[in-house]
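Mapping of the sequence shown onto the working numbering: position 179 corresponds to residue 170, and the numbering continues sequentially without gaps. The C-beta atom is built at its ideal place from N, Cα and C for all residues, glycine as well.
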Amino acid sequence: MKLSKTLIALALAGAAFSAQAHKPWLLPSSSLVDSKDAWVTVDAAISEGLFDIDHMPLKLDGITITGPDGAKVDMQNATTGRLRSTFDVKMAKPGTYKIALVSQSVMASWKANGEVKRWRGTEAEMAANVPAHAEELNVSRTFGRLETFVSANKTDEAVFKPTGVGLELVPVTHPNDMRAGEEAKWKFLLDGKPAAEQAFSLIPGGVRYRGTLGEIRLSTDAKGEVTFKIPQAGMYLVSSSWPAPPAAQAGQQAGPRPMPPRRVTYAATVEVLPQ
């Protein structure tokens, strides 16, 4: 279980850095349900192809579901298979629900007797595994947030109240009210403050059938806000990270780049409906 949690944390950390890396995702059967008995089924996996079931399941023990009244909601019929996990959410109250996985991890490297040592794990495990005064000690902490949003019979904003930790989406246009070709406006926060000039991307599902990634790259303004249009309907993965990875310099040798002391990532699945 410890190994699985570490792999999940690393996947969350890498989700925003490489379009070809294995990416974790939460994929609801629908983002907006109009029914007296409202349910959604959610697939949860880590895959190479976006929303393809091709690698490994996402463990469900760290996932939380928050209802429109702020109360925690239990997942129903949860199961984990060889390539994906699935669970149902009964939306007993009207409004918007947030399904989220928040991950924190630590990566460290140091030298011992001339040999480079590396370790990955949780903050609680670090003291027992990493010498506090090791030679050339380099420690990087990662905070990752993976989300999706579903609404029953109406949308509301309660679940978007920011926590003030990491990258967060505070939408002006509700993610469950987005339609192809129509203008949408979002705001990103970094530790509770506007995330100015924050780059992010939206990648549509169905890459294996298009043959091209179809990534849309955008950036917020000085207020952390961005106005944009999505040309086509479908499920999209929103992906962002801070700080931005440094650009490769001319003549720079290939190889691992230095780890920043702190790294923050955000990813979410949103559905864009037809007009």
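- Taken in chain order, the unbroken stretches of alpha helix (DSSP H) that lie wholly in the segment 64 to 120 and span 4 residues or more are 114 to 120.
- Straight across, the Cα-Cα distance linking T146 with Q223 is about 22 Å.
- Between I37 and P15, the CB-CB gap stays under 9 Å.
- Take the alpha-carbon of P166 and the one of L180: they are about 16 Å apart.
- Of the other Cβ atoms in all chains shown, fewer than 16 fall within 10 Å of the Cβ of S26; this residue is therefore exposed.
- The C-alpha of S96 is placed about 14 Å away from the C-alpha of N129.
- The straight-line gap separating the alpha-carbon atoms of T218 and D212 is approximately 9 Å.
- With 16 or more neighbouring CB atoms inside 10 Å of its own CB, R136 falls in the buried class.
- Across the set R208, A83, V107, A62, the C-alpha of V107 shows the shortest separation from the C-alpha of A125.
- Taking the Cα of V33 as reference, the smallest distance to any Cα among D45, I56, H46, G40 is reached at I56.
- Judged by DSSP secondary structure, V255 falls within the beta strand (DSSP E) whose first and last residues are 253 to 263.
- In this model, W30 and G72 are separated by some 21 Å (Cα to Cα).
- Cβ-Cβ separation between P185 and G215: approximately 3 Å, consistent with a contact (criterion under 8 Å).
- For V198, the uninterrupted alpha helix (DSSP H) run begins and ends at 198 to 201, by DSSP.
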